[in-house]
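Sequence positions in the sequence shown follow the numbering used here and run 2 to 110. Glycine included, C-beta positions come from ideal geometry on N, C-alpha and C.
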Amino acid sequence: MMNNPTDDLLNKILDKMEGSDMILQEMISDISALSTTIISQLSSVKFLKEKMGQLTVFVCANPYENSMTHVNENSKFAIHISSIVTISGETLKEITKPNNVDAQGGDFQ
Numbered sequence: 002m003m004n005n006p007t008d009d010l011l012n013k014i015l016d017k018m019e020g021s022d023m024i025l026q027e028m029i030s031d032i033s034a035l036s037t038t039i040i041s042q043l044s045s046v047k048f049l050k051e052k053m054g055q056l057t058v059f060v061c062a063n064p065y066e067n068s069m070t071h072v073n074e075n076s077k078f079a080i081h082i083s084s085i086v087t088i089s090g091e092t093l094k095e096i097t098k099p100n101n102v103d104a105q106g107g108d109f110q
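Written out as structure tokens, the structure is:
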């Protein structure tokens, strides 16, 4: 029995559709992995925003503390932090303790 040209054409179409289905499944898998990565990164960004907010509050609440210096345990070098830039672009500069402070009211002279 001879193959009908229509059957051959339908078989070719089915083969292409099966190949397209595999490609589509791979794309769905890739998109799912990308979505998971984006959700993870959004969580990390949220965590960092919270930590920057806490750091900003700390710096603003303690302006006259000793200078903001970080010394690594195994290092002789000190890293001096001169400013902090918030997510909104606001720059918080370090406030140094004034030399002349009035003993009664704490006002600057």
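Contacts around residue i, its chain only, beta-carbon distance under 7 Å, and the 5 residues preceding and following it disregarded
{"i": "Asn67", "result": "Its pLDDT being 46, under 50, Asn67 is placed unreliably in this model, and the value from its coordinates should be taken loosely. Taken in chain order, the list of residues that qualify is empty."}
For residue j and residue i, the rounded distance between their alpha carbons
{"i": "Pro6", "j": "Lys13", "result": "11 Å"}
{"i": "Phe59", "j": "Met28", "result": "46 Å"}
{"i": "Gln42", "j": "Leu49", "result": "10 Å"}
{"i": "Ser45", "j": "Ala34", "result": "17 Å"}
{"i": "Gln26", "j": "Asp9", "result": "26 Å"}
{"i": "Ser36", "j": "Glu51", "result": "23 Å"}
{"i": "Lys47", "j": "Leu15", "result": "47 Å"}
Own chain partners of residue i with C-beta closer than 6 Å, once the 5 adjacent residues on each side are dropped
{"i": "Glu91", "result": "none"}
{"i": "Met23", "result": "none"}
Any non-hydrogen atom of the ligand GTP closer than 7 Å to residue i Cβ
{"i": "Ser45", "result": "Looking at this structure, you won't find the ligand GTP or any other ligand, since it has none at all."}
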